[in-house]
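Peer 1:
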Amino acid sequence: MAIVVNGDACKAEDVEKAFTAIDGVDAVVSTIGGTTADPIADSQGNINLIDAAVRHGVKKFVLVTSIGTGNSKDAPPPHVYDVLKPVLLEKEKAEERLKAAGDKMTFVIVRPGGLKSEPATGTGVLTEDITVCGSITREDVADLVLKALRSDLANNKVLSAVDSASLDAQFEVFAL
């Protein structure tokens, strides 16, 4: 059964309406994002979702942000970071809010590299390495997010997601 609730994640009352329309939400995956011209959804939309999840007793929250956010700031090349900086700073606000809620619900933060709109490769991996930078298909990110959602090994972790086949550098893969 599908329940559709129309609203704007940047409006707390719309997010609340969604949570009250769906009984017994125990997990949330957020892929909310804005644009470089208007990145507010990256912070406020996600913060509204996080706050509502806490109020409604959600057990696990998976937030998809980006490599270059928080302590991975130095991973992308400087010219890429400079272009994405407004978005990355907003995503960081959401990450911090989610970490602060970590005593009330389990979280996973997945930071994909550059997103590609191609079929899944099956070579997407997660790592705790904050220096890794690369690309990954959206389909591979979706697969990794579902695995992180279902695995207790990912609980309260911040993980970067990249396509291992596209990297030259060696890094430790986080196994789920």
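Per the UniProt record's numbering, the very first residue in the sequence shown carries number 1; after that it's consecutive.
From the three backbone atoms N, C-alpha and C, an ideal C-beta is built for every residue, glycine too.
These numbers were taken from a predicted model, which means no experiment stands behind them.
1) Given a cut-off of 8 Å, decide if Ser166 and Gly122 are closer than it, judged by their beta-carbon atoms.
2) Compare the C-alpha of Ala148 against each of Arg138, Ile136, Leu126 and Ser164 and name the closest.
3) What is the rounded straight-line gap between the Cα of Val80 and the Cα of Asp74?
4) Assuming Pro76 is part of the beta strand (DSSP E), what are its boundary residues?
5) Alpha carbons only, please: which of Ile22, Thr36, Asp51 and Ile3 is nearest the one belonging to Cys10?
6) Could you tell me the boundaries of the beta strand (DSSP E) in which Ala27 lies?
7) Comparing the C-beta of Thr20 with each C-beta of chain B, is any distance below 8 Å?
8) Which parts of the UniProt domain "NAD(P)-binding" (4-151) are runs of the alpha helix (DSSP H), unbroken and 4 residues or longer, counting only runs that do not cross its ends?
9) Ala161 lies in the beta strand (DSSP E); which residues open and close that run?
10) Starting from the C-beta of Ile32, find all residues in its chain whose C-beta is less than 6 Å away, skip the five residues before and the five after it, and write them out in chain order.
11) Within 10 angstroms of its Cβ, does Glu128 collect 16 or more other Cβ (buried), or is it exposed?
12) Determine the contact status of Asp38 and Lys59, defining contact as a CB-CB distance below 8 Å.
13) Return the bridge partner residues of Phe174 from the DSSP annotation.
14) Could you check which residue in Glu95, Asn48 and His56 has the C-alpha nearest to that of Leu63?
15) Which same chain residues, not among the five before or five after Gly114, have their C-beta less than 6 Å away from its C-beta?
Peer 2: Taking the structure as given:
1) no
2) Leu126
3) 10 Å
4) That residue, Pro76, is in no beta strand (DSSP E); it is neither H nor E in DSSP.
5) Asp51
6) Ala27 to Ser30
7) Given the protein chain composition of this structure (a single chain), no chain B is represented.
8) 12-21, 46-55, 78-100 and 138-150
9) Lys157 to Asp163
10) Ala9, Ala41, Gly45 and Asn46
11) exposed
12) no
13) Leu126
14) Glu95
15) Ser135
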